[in-house]
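Protein chains in written order, with our numbering: chain A, 1 to 67; chain B, 68 to 525.
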C-alpha cells in the first residue's frame, strides 16, 4: 500500500471544469478516462478538501461560483 | 484422523482461508488480467463465480467480490450444507460464544498513521452508474459504548478525501444510537472499519442481535469456537484479529450534514442522496499483502441476511406450534421480503403459519405449502399455488403493517418528516385445503422408474 502521492494540478483543474455544470461522479470518471483511477481520486480529494460542492436531488455535483 | 486434522486446519479460519476453500470448491476464480476499479462491479455481475482480481490497475492490493452472490456461494463460504443455512443460523444464535482477545494480530502487521494515512491507496471501486463516489461496501463497523457495550454492524462508506468518508447512518441502527449519544455531547465516536473479515463475522455483524448481545458472540456461535479479536491500535475498539484491513478513526460530531449517496441499495434500486456523518480515518492497519473485499450489491448484502430471516421464520412458526419442514427466503424478495415455508400441516395451520410469518417486520409476502413440495423449486411452488389455492379463500391480505422507506410502493416521499410508512402484506395458503383428500393430488409417477437409469441410455 503506497501513500504520499500528490494530486496532479492539471487533473484537478480538468475536474473543476467538469463541475461547472451538474455531473454525476460517473461523468467525471468518463471525462478522465485517460487518467489512472487513483489519480482521479487524489484530485477529487483535493477538490473536496478545498470546495464545498453542491449536490442536486439526483446526486449530481457542481461547484457554485463565488459571487 | 484425517477429519480431525481438517477440523484443526479450519480452526479460526480467516478470510483468505475461506477464499482458498471457495476456490477449491469452484466458487471463486482468479482473474490475472489487469482491471480498473471502474470495472470490477461490472465484472462481478457477469462472472459465474466470485472473482479475485489479482492485478488492479495502479494498485498493489487485489480485490475480491461476489463471495455471497448466491445461496450456493454463501453456503460454500460458511462450509454449511446449502439447505441448512437457516436452521444452522438458528442453532448458532442460541449458543453464542464470547470472543477471545489476542495481543498479536495479523490485521496489525502493517500500521500507517499520520501523513501515511491515505484512503486513495486502497482500491475502493466505483460500483454503480449513479453512485455518488467510490464506496467501501464490505466494511464491518466496530464501536463501543460504556453503557451499551461493544457493537458490530454493516455500513457503507462513500469516499470523500484521503482521510474522510461519509458513513450511512440514515436509518435506525445500533451504530446510529451510539453515534447519537456522543453527538449530543458534541464528542466524536471512536470507530474501526474492518474490511475482509470471514463470512461468520460478517453475517453476525449483519444480524440485528437482541439488545445486550455482542454480535461477535454470535460469530462465535456461528464458528463453533470463539472469534479472535484484538484491540485497535489508536481507538479503544476491538476488531477481528484476522481482518485484511482495518480503518481506525472517529465519527465526527457533525451530525447528519455530509452529502452521502446515492448508492445501489439492498433492494436492487438506486437510492437517494442523503446527509450523514463523516468518518475521519486516523490509522490504517492491515495484513502483509492485504486483500480488499468489495461486497457486490444487492445479492451479497441480501444473502448475508437470508439465513437470519429463515431462522426468524422458523422461530415464529415454532412459537405458533407448527412443524416446519423447510423455509426459503427467496432471491426475488431480496432474501427477506418474500418467504416460502413448507409445513407438516394440521387443520387451520396454513393460515396460522401465514399469520406468524407476516408478523415479522421484514416479511412482506409469504407462501405456505405442504411438506411434499420442494420449496427450492419455484415451479413446484407455483404448482402448489395453482392447484391447492382458491384465491377468494386462501389469500390473506393484511393492511396497515409496518413498512420500510426503501419500498417505493409505500410512497415514502408523501410522508411527513419522521413519519413511518405502513404497508399491506399478503400470504398465500398453498397447502391442500381442508376437506380435499390427499389422493386428489396424487402425482404422476413414471412406470418402472426405479428400473431405468439415465446413464444406461444417454
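Glycine included, every Cβ here is placed at the ideal spot set by N, Cα and C.
>> Please report the distance separating the alpha-carbon of residue 86 of chain B from that of residue 201 of chain B.
In response: For the purposes of this step, residue 86 of chain B is taken as the residue at position 19 of the second chain. For the purposes of this step, residue 201 of chain B is taken as the residue at position 134 of the second chain. Their Cα atoms are separated by approximately 24 Å.
>> residue 163 of chain B and residue 291 of chain B - do their beta-carbons sit closer together than 9 Å?
In response: On the second chain, position 224 is the one that residue 291 of chain B refers to. On the second chain, position 96 is the one that residue 163 of chain B refers to. For residue 291 of chain B and residue 163 of chain B, no; Cβs fall outside 9 Å.
> Tell me the DSSP bridge mates of residue 62 of chain A?
Replying inline: Working through the first chain from its first residue, we reach residue 62 of chain A at position 62. For residue 62 of chain A, which the question treats as bridged, DSSP gives the partners A:54.
> Leaving out the 5 sequence neighbours to the left and right, which residues in its chain are closer than 7 Å to residue 187 of chain B when beta-carbon positions are compared?
Replying inline: For this step, residue 187 of chain B is matched to residue 120 along the second chain. Closer than 7 Å at the Cβ level, and outside the excluded window around residue 187 of chain B, lie 229.
>> Residues of the segment 121–138 of chain B in Cβ contact with chain A at a cutoff of 8 Å, in chain order, please.
In response: 124, 125, 126, 127, 128
>> Here's the rule I'm using: 16 or more other beta-carbon atoms within 10 Å means buried, otherwise exposed. How should residue 509 of chain B be labelled?
In response: Indexing the second chain from 1 puts residue 509 of chain B at position 442. Classification of residue 509 of chain B: exposed, given that the 10 Å Cβ count is below 16.
> Pairing CB atoms from the segment 397–405 of chain B with CB atoms from the segment 429–442 of chain B, are three or more of them under 8 Å?
Replying inline: yes
> Between residue 415 of chain B and residue 463 of chain B, which are expected to be in contact by the criterion C-beta below 8 Å, what is the C-beta distance as a whole number of angstroms?
Replying inline: Counted from its first residue, the second chain places residue 415 of chain B at position 348. Counted from its first residue, the second chain places residue 463 of chain B at position 396. Beta-carbon to beta-carbon, residue 415 of chain B and residue 463 of chain B are separated by about 13 Å, too far to satisfy the 8 Å threshold.
> With distances taken between CB atoms, is the gap from residue 132 of chain B to residue 360 of chain B smaller than 9 Å?
Replying inline: Numbered from 1 along the second chain, position 65 holds the residue referred to as residue 132 of chain B. Numbered from 1 along the second chain, position 293 holds the residue referred to as residue 360 of chain B. In this structure, residue 132 of chain B places its C-beta atom within 9 Å of the C-beta atom of residue 360 of chain B.
> To which residues of the same chain is residue 365 of chain B closer than 8 Å at the C-beta, ignoring the five residues directly before and after it?
Replying inline: Taking the first residue of the second chain as position 1, residue 365 of chain B is located at position 298. Excluding positions up to five away in sequence, the list reads 331, 332, 333, 334, 335, 401.
> Quick one: any contact between the segment 369–388 of chain B and the segment 203–212 of chain B, if contact means 3 or more CB pairs under 8 Å?
Replying inline: no
> DSSP puts residue 396 of chain B in a beta bridge; with which residues?
Replying inline: Counting from 1 along the second chain, the entry for residue 396 of chain B is found at position 329. Residue 396 of chain B pairs with B:406.
>> For a contact defined as C-beta to C-beta under 8 Å, what are the partners of residue 57 of chain A on chain B?
In response: In the first chain, the residue the question calls residue 57 of chain A occupies position 57. Per Cβ cutoff of 8 Å: 339, 340.
> Going straight from the alpha carbon of residue 221 of chain B to that of residue 204 of chain B, what length do you get?
Replying inline: The sequence position of residue 221 of chain B within the second chain is 154, counting from 1. The sequence position of residue 204 of chain B within the second chain is 137, counting from 1. Using only the alpha carbons, I get a separation of about 9 Å.
> If you check the beta carbons only, do residue 455 of chain B and residue 498 of chain B fall under 9 Å apart?
Replying inline: Your numbering for residue 455 of chain B matches position 388 in the second chain. Your numbering for residue 498 of chain B matches position 431 in the second chain. The answer is yes: Cβ separation under 9 Å.
>> Taking DSSP's pairing of strands, which residues face residue 326 of chain B in a bridge?
In response: Here residue 326 of chain B corresponds to residue number 259 of the second chain, with the count starting at 1. Per DSSP, B:342.
> Hey, residue 82 of chain B and residue 231 of chain B: beta-carbon distance below 9 Å or not?
Replying inline: Taking the first residue of the second chain as 1, we reach residue 82 of chain B at position 15. Taking the first residue of the second chain as 1, we reach residue 231 of chain B at position 164. Going by C-beta atoms, residue 82 of chain B is not nearer than 9 Å to residue 231 of chain B.
> Taking the alpha-carbon positions, what's the residue 383 of chain B to residue 420 of chain B distance?
Replying inline: Mapped onto the second chain, residue 383 of chain B falls at position 316. Mapped onto the second chain, residue 420 of chain B falls at position 353. Each residue's alpha carbon lies about 9 Å from the other.
>> Measuring alpha carbon to alpha carbon, tell me which residue in B:104, B:264, B:148 is nearest residue 129 of chain B.
In response: On the second chain, position 62 is the one that residue 129 of chain B refers to. Out of B:104, B:264, B:148, B:104 has the C-alpha closest to the C-alpha of residue 129 of chain B.
> From the DSSP output, which residues share a beta bridge with residue 104 of chain B?
Replying inline: The residue you call residue 104 of chain B lines up with position 37 of the second chain. Bridge partners of residue 104 of chain B: none, in fact.
> Going by other Cβ atoms of all chains shown within 10 Å of its Cβ, with 16 needed for buried, is residue 58 of chain A buried or exposed?
Replying inline: Translated into the one-based positions of the first chain, residue 58 of chain A becomes position 58. Burial call: exposed.
> Is residue 448 of chain B buried or exposed, if buried means 16 or more other CB atoms sit within 10 Å of its CB?
Replying inline: Reading the second chain from its first residue, position 381 is the one you call residue 448 of chain B. That one is buried.
> At a CB-CB cut-off below 7 Å, which residues of chain A make contact with residue 199 of chain B?
Replying inline: The residue given as residue 199 of chain B occupies position 132 in the second chain. Ordered by position in chain A, the residues that pass the 7 Å Cβ test against residue 199 of chain B are 25, 59.
> What does residue 196 of chain B reach in chain A if we use C-beta pairs closer than 7 Å?
Replying inline: Against the second chain, residue 196 of chain B aligns to sequence position 129. Correct list: 26.
> Are the C-beta of residue 472 of chain B and some C-beta of chain A separated by less than 9 Å?
Replying inline: As a working note, residue 472 of chain B is residue 405 in the second chain. For residue 472 of chain B, the answer is no, since every Cβ of chain A falls outside 9 Å of its Cβ.
> residue 467 of chain B: buried (16+ other C-beta within 10 angstroms of its C-beta) or exposed?
Replying inline: On the second chain, position 400 is the one that residue 467 of chain B refers to. Looking at its Cβ environment, which holds fewer than 16 other Cβ atoms inside 10 Å, residue 467 of chain B is exposed.
> What's the C-alpha gap between residue 34 of chain A and residue 339 of chain B?
Replying inline: Position 34 of the first chain, counted from the first residue, corresponds to residue 34 of chain A. Position 272 of the second chain, counted from the first residue, corresponds to residue 339 of chain B. If I take the Cα positions, the gap works out to 30 Å.
> Of all the CB atoms in chain B, is at least one closer than 9 Å to the CB of residue 48 of chain A?
Replying inline: The sequence position of residue 48 of chain A within the first chain is 48, counting from 1. So yes, residue 48 of chain A belongs to the interface.
> When DSSP labels each residue in this structure, what does residue 384 of chain B get in the three-state scheme?
Replying inline: By 1-based counting over the second chain, the position of residue 384 of chain B is 317. Correct three-state label for residue 384 of chain B: helix.
> Does the beta carbon of residue 5 of chain A come closer than 9 Å to any beta carbon on chain B?
Replying inline: Your numbering for residue 5 of chain A matches position 5 in the first chain. At least one chain B Cβ lies under 9 Å of residue 5 of chain A.
> By the criterion of Cβ-Cβ separation under 9 Å, what are the contact partners of residue 2 of chain A in chain B?
Replying inline: One-based indexing of the first chain puts residue 2 of chain A at position 2. Within 9 Å Cβ-Cβ: 126, 127, 185, 188.
>> I'd like the list of long-range same chain contacts for residue 218 of chain B, defined as Cβ closer than 6 Å, with 5 residues on each side in sequence excluded.
In response: Here residue 218 of chain B corresponds to residue number 151 of the second chain, with the count starting at 1. Around residue 218 of chain B: 210, 241.
>> Which residue wins for smallest C-alpha separation from residue 46 of chain A, given the options A:26, A:32, A:15, A:55?
In response: In the first chain, counting from the first residue as 1, residue 46 of chain A sits at position 46. Ranking the options by Cα distance to residue 46 of chain A, first place goes to A:15.
> Where in the segment 413–496 of chain B do unbroken runs of the beta strand (DSSP E), each at least 3 residues long, occur, reported from the N-terminal end onward?
Replying inline: If only uninterrupted beta strand (DSSP E) runs of at least 3 residues are considered, those enclosed by the segment 413–496 of chain B are 432–437, 462–469.
> Any idea what DSSP makes of residue 358 of chain B, helix, strand or coil?
Replying inline: Residue numbering aside, residue 358 of chain B sits at position 291 when the second chain is read from its first letter. Three-state DSSP puts residue 358 of chain B in coil, outside helix and strand.
>> Contact defined as beta carbons within less than 8 Å: I believe residue 271 of chain B pairs with residue 304 of chain B. What is the distance between those atoms, to the nearest angstrom?
In response: In the second chain, counting from the first residue as 1, residue 271 of chain B sits at position 204. In the second chain, counting from the first residue as 1, residue 304 of chain B sits at position 237. At roughly 16 Å, the Cβ-Cβ gap does not stay under 8 Å, so residue 271 of chain B and residue 304 of chain B are not in contact.
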